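Each number in this note's numbering corresponds to the 1-based position in the sequence shown with 10 added.
Written below as structure tokens is the structure these notes are about.
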Amino acid sequence: MIFHVVTELEWNEQISASHFAPRSFLQEGFIHCCTRDQLPGVLERYYQGQFGLLVLHLDESKLEHPITNEKATNDELFPHLYGRINKAAVISIEKIS
Numbered sequence: 011m012i013f014h015v016v017t018e019l020e021w022n023e024q025i026s027a028s029h030f031a032p033r034s035f036l037q038e039g040f041i042h043c044c045t046r047d048q049l050p051g052v053l054e055r056y057y058q059g060q061f062g063l064l065v066l067h068l069d070e071s072k073l074e075h076p077i078t079n080e081k082a083t084n085d086e087l088f089p090h091l092y093g094r095i096n097k098a099a100v101i102s103i104e105k106i107s
């Protein structure tokens, strides 16, 4: 299981589509994900004080595109998804703020 944090607004903009891609995908070419252990740090570093956040719980075995673990600026490995998230891989959606 890997996780992707997204705003509720951005998710709802693509609610009827079969796949989801955050705006950053167009610029970076991949979707930032994290492991369960990394999730608290991601929320603290990048989303502190933000509201309307969702965490997508993704089943890696159902994703249609490859995942590559790549080093971040702190040398920690993060899963990057090189393609859009097919919604069949979204096991659950957790509202966190």
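Note that the Cβ used here is the ideal one computed from N, Cα and C, for glycine as well.
What you are looking at is a predicted structure, and each value in this text was computed from that prediction instead of being measured.
Query                                                                                                                  : Result
Phe13: first and last residue of the uninterrupted beta strand (DSSP E) it sits in                                     : 12-17
Neighbourhood of Ala99 by C-beta distance below 6 Å, restricted to the same chain and skipping five residues each side : Leu68, Asp69, Lys72, Leu73
Pro32 (DSSP reduced to helix, strand or coil)                                                                          : coil
DSSP bridge partner residues for Pro89 (one or two, in chain order)                                                    : Asn79
Cβ separation of Ile41 and Pro50, assumed to be a contact under 8 Å, to the nearest whole Å                            : Their Cβ separation, rounded to whole angstroms, is 19 Å, which puts Ile41 and Pro50 out of contact at 8 Å.
For Thr83, the nearest candidate out of Ser102, Arg55, Ser28, Gln37 (CA to CA)                                         : Arg55
Inter-residue Cα distance where the pair is Leu87 and Leu53                                                            : 16 Å
Range covered by the alpha helix (DSSP H) that runs through Glu54                                                      : 49-56
Rounded distance between the beta-carbons of Ile101 and His90, thought under 8 Å                                       : Between Ile101 and His90 the Cβ distance is about 19 Å, and since that is not below 8 Å, they are no contact.
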